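Counting from 1, position 154 in the sequence shown corresponds to residue 196 in my numbering; the numbering is continuous, with no gaps.
So the structure is just underneath, and the comments pick up after that.
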Amino acid sequence: MEKVLKGKVWKFPDDVDTDIIVPGRYLVLTGEKELASCVMEGYDPEFSQKVGKGDIIVAGKNFGCGSSREHAPIAIKGAGISAVVAESFARIFYRNSTNIGLLLIEAKGISRNIEEGDEIQIDIDKGVLKDLTNSKEFQITALPDFMMGIMNEGGLISYLRNHLAEIKD
C-alpha cells in the first residue's frame, strides 16, 4: 500500500448507510467490478461513471452504518477509491473494510473543512491530510503498526493466508 495517497474528493454526509453504498437489489452480485458498477447508486445513480482510480471519499459521522453486508466496502474498493476519510465509521463496516483491505481513516471535523472536488493528499506515516486545493492541513488518526501490516498485505484475509504458519507456532 502506498504511504502517500493523492486524489480527488467525493463528499458524503453523516450516516451514509450500506443501502446507499450498494442498494439491496444488487446483493445478488459478488464480484468487485460488478459491485463497483452500482457503488453509491443510492446517493448518486451516476457516481460509478464519475469516480476515478485513486479518488478519495470524505464523509461525516457514522459512515457505513446499516447492515453487516460486505458488499459495501467491496464496491468502494472495486471502484478504485484509495481511501475513505470520515469523522467516524460504523463498527461492522470498519471491520469488513479491514478484512478486504479498504483503507479507512478517521479525522475529526474533516467534513466541515473539505469540499467535493478538492484535491487532497494523505501522508499515512506522518498522520497528515493536506487539502491541496485550499492549502489547508489536518491531523488524521494514525493507524497502529499491526493495522498497517494488514493494509499492506491487502486486508486481514490476505494477511492471515500469508502468516498462518507464524500464527500456529
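For each residue, glycine too, the CB sits at the ideal point set by N, CA and C.
As the structure is a prediction and not an experimental result, all values here were calculated from the model.
*Taking C-alpha atoms, which residue in GLY159, THR140 and ASP165 lies nearest to PHE188?*
In the sequence shown, the residue the question calls residue 188 occupies position 146. The option with the nearest alpha carbon to PHE188 is THR140.
*Apart from the five residues just before and just after ASP195, which ones in its own chain have a Cβ nearer than 7 Å to its Cβ?*
On the sequence shown, residue 195 is found 153 positions in, with the first residue counted as 1. The amino acid occupying residue 195 in the given sequence is Glu; Asp does not appear at that position. Closer than 7 Å at Cβ, skipping near neighbours: TYR201 and ASN204.
*asked:* Please tell me whether SER177 and ALA101 are closer than 8 Å, where the distance is taken between their beta carbons.
replied: Start at 1 with the first residue of the sequence shown, and residue 177 comes out as number 135. Start at 1 with the first residue of the sequence shown, and residue 101 comes out as number 59. Cβ distance not < 8 Å, so SER177 and ALA101 don't count as in contact.
*asked:* Quick check on DSSP: helix, strand or coil for GLY49?
replied: As a position in the sequence shown, residue 49 is number 7, starting the count at 1. Here GLY49 sits in strand by DSSP.
*Excluding sequence positions up to five away, which residues of its chain have a Cβ less than 8 Å from the Cβ of ASP86?*
If you number the sequence shown from 1, residue 86 lands on position 44. Correct list, in chain order: LYS92.
*For ILE118 versus ALA149, is the C-beta spacing smaller than 8 Å?*
Here residue 118 refers to the residue found at position 76 when the sequence shown is read from its first residue. Here residue 149 refers to the residue found at position 107 when the sequence shown is read from its first residue. It is not a contact, given that the beta carbons lie outside the stated cut-off.
*For ASP61, collect the residues of the same chain with a Cβ closer than 8 Å to its Cβ; drop the 5 residues on either side in sequence, then sort them by chain order.*
Here residue 61 refers to the residue found at position 19 of the sequence shown. Cβ within range, chain order: GLY84, GLY108 and SER109.
*asked:* Buried or exposed for GLY143, going by 16 or more other Cβ atoms inside 10 Å?
replied: Position 101 of the sequence shown, counted from the start, is the residue given in the question as residue 143. GLY143 is buried by the Cβ-count criterion.
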